[in-house]
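See below for the structure under consideration.
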Amino acid sequence: MAKVQSTSWSWRHAIISSGLEPTTRHVLLTISCFMNDLGGGCYPTTKQLEQATGLSERSVCTHIAKAESAGWLTVTKHGLAGRKWKNHEYEARWPDAEGTEARSVPQPNEALKDVQCLTPRGTERRSNEALKDVQSNSPYTTPIERERARDGFDQALKRWPVVDSPKTALKVWNSLSLSDRIEGANEIERFVAVNRSAGRKLICSFAKYLGERMWKALPERTQPRAPVPDKPAGPSPFERKNPKWNHKPGVTP
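Mapping the sequence shown onto the working numbering, position 49 (from 1) lands on 270, and the numbers just tick up by one.
Written as structure tokens, this is what we have:
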């Protein structure tokens with residue numbers, strides 16, 4: 222008799238095979254780690270999901286909303302009377318699944334009967350086929366790097382003293398190499414300080430700063446010089462007149 226897979230396992234497999242954005246799948250798979258085998262009633266905070274996914278809290282909330290609107294997740298708020306804070310409860314759902322009602326976990330004998338009792342192709346023991354399929358659609362690759370690049374851009378833009386068009390600046394930011402992004406962000410304060418010390422009241426836009434790589438025109442940072450050892454003291458005038466007194470310590474002339 223075929224072993225019936227848990228709802229949570231089936232949900233994860235369905236997510237991997239879905240057409241969701243890779244980063245949305247990554248967030249859903251992370252939420253599934255907090256669920257029991259029935260796939261519902263978990264209460265991770267956005268801070269916990271931020272740490273577990275490696276994304277920003279803003280990105281986590283964005284992809285939770287996408288998953289909910291696509292029908293893969295039910296999000297409800299729970300709180301005690303008189304308390305300002307509320308917990309979010311996350312439950313697994315299947316979009317447009319027959320026998321699946323809104324805000325409910327599908328029953329094994331209805332919506333999931335075709336999923337739970339089947340062994341997906343390529344998931345047999347020692348098979349590499351499923352691993353290749355998962356790796357080619359892995360949510361841990363480029364999309365997450367793009368989210369992190371956006372987070373780095375947001376932080377750099379906040380430090381820029383001039384109001385700029387985020388859309389234009391982000392386009393330039395994405396065209397830079399990773400090393401240029403890091404170097405450009407690290408030189409923001411020094412670039413502004415050098416321009417203001419030169420009497421310039423107006424600072425260029427962030428997009429221009431990035432596009433022209435203006436930080437590369439900054440003077441090189443002064444490197445600390447290694448201390449030069451003092452030269453040994455020469456003989457005193459008395460010693461030059463009296464060579465017999467120019468002797469090594471501890472030796473009587």
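Even glycine gets a Cβ: it sits at the ideal position worked out from N, Cα and C.
These numbers come from a predicted model, not from an experiment.
- A residue is called buried once 16 or more other Cβ atoms fall within 10 Å of its Cβ, and Gly240, having fewer, is exposed.
- For Ala313, the uninterrupted beta strand (DSSP E) run begins and ends at Asn308 to Ala313, by DSSP.
- Looking from the CA of Leu276, the closest CA among His247, Val296, Ala419 and Ser229 belongs to His247.
- Lys298 sits in a strand when the DSSP states are folded into three classes.
- Per DSSP, Gly420 lies in no alpha helix (DSSP H) and is assigned neither H nor E.
- Boundaries of the alpha helix (DSSP H) around Gly405: Leu399 to Asn407.
- Taken through DSSP and simplified to helix, strand or coil, Cys282 comes out as helix.
- Val281 counts as buried, since no fewer than 16 other beta carbons sit within 10 angstroms of its beta carbon.
- Secondary-structure assignment with DSSP links Cys263 through a beta bridge to Tyr311.
- Per DSSP, Ile237 is one residue of the alpha helix (DSSP H) stretching across Thr228 to Ile237.
- Measuring C-alpha to C-alpha distances from Leu378 to each of Ala428, Leu423, Ser396 and Ala419 identifies Ala428 as the nearest.
- Of the candidates Ser253, Pro316, Arg233 and Leu439, Ser253 places its Cα closest to the Cα of Leu270.
- The criterion of a C-beta distance shorter than 9 Å is not satisfied by Ser418 and Thr389.
- A residue is called buried when at least 16 other Cβ atoms come within 10 angstroms of its Cβ; Ile403 does not meet this threshold and is exposed.
- Sequence-distant partners of Gly292 (beyond 5 residues in either direction) whose C-beta falls short of 8 Å from its own C-beta, in its chain, are Arg314, Trp315, Pro316 and Asp317.
- Trp394 and Lys437 have their C-alpha atoms some 16 Å from each other.
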